[in-house]
Amino acid sequence: MYKGHSVVAVKMIFTVAQPRKPAKPIPGTHRFFAYCERFDVVAQEPPPPEYAHLPLYSAWDNHSPDYYTGCYVLKRARRSNGEPLGDIIPLVQFRAVADLIPHIRGKANRQFSPFTSFHLNDEFLLNKYLDDETYPILEHTDPCLTV
């Protein structure tokens, strides 16, 4: 992914209450902020060994998209005690909406529904196929293609 960018889940949007007049306003409190929980990119395994003969196989970057879906795999960032890692970010720093798809490996949790899958899952795919503006930004050249 791009340096300096993050994928976050917005939990709350707020502003700081101003003091009553005639007190001076507190600097920086005229803006809106968001409390967000961060996602980290999951390192990916290289493509299957049957592609080892291709020229760019050895150039595989472990922060590349998932080989089979072409989407980046993201995992909910957690502290050492298991709590989600969150931060407060000014709303003006937000650039785009990201579409996350639950990344289910093996048998799916029976409690999953369209309403619970985001909260019950820790691993997601960053959907680059959402629209024709997102796709070119997140498209990644397949390192196993012949040149």
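According to our numbering, the sequence shown is numbered sequentially starting from 134. Even glycine gets a Cβ: it sits at the ideal position worked out from N, Cα and C. All of these numbers come straight from a predicted model, not from anything done at the bench.
Here P188 is exposed. Its C-beta has fewer than 16 other C-beta atoms within 10 Å. The Cβ-Cβ distance between F166 and I222 falls below 8 Å. Ranked by Cα distance from S250, the first of L233, A176 and S139 is L233.
By the beta-carbon neighbour count (other beta carbons within 10 angstroms, threshold 16), K261 is buried. Uninterrupted beta strand (DSSP E) stretches at least 3 residues long and entirely within the segment 190-262 occur at 205-209, 219-223, 233-235 and 256-259, given in chain order. Where T148 is concerned, there is no enclosing alpha helix (DSSP H), although the beta strand (DSSP E) around it starts and stops at V140 to T148.
Take L218, set aside five residues on each side of it, and the residues of its chain with a beta-carbon closer than 7 Å to its own are E170, R171, A210, R211 and R212, in chain order.
Between V230 and K208, the beta carbon gap of about 20 Å keeps them out of contact (Cβ cut-off 8 Å). Per DSSP, Y168 is not a residue of any alpha helix (DSSP H); the beta strand (DSSP E) it occupies stretches across F165 to V174.
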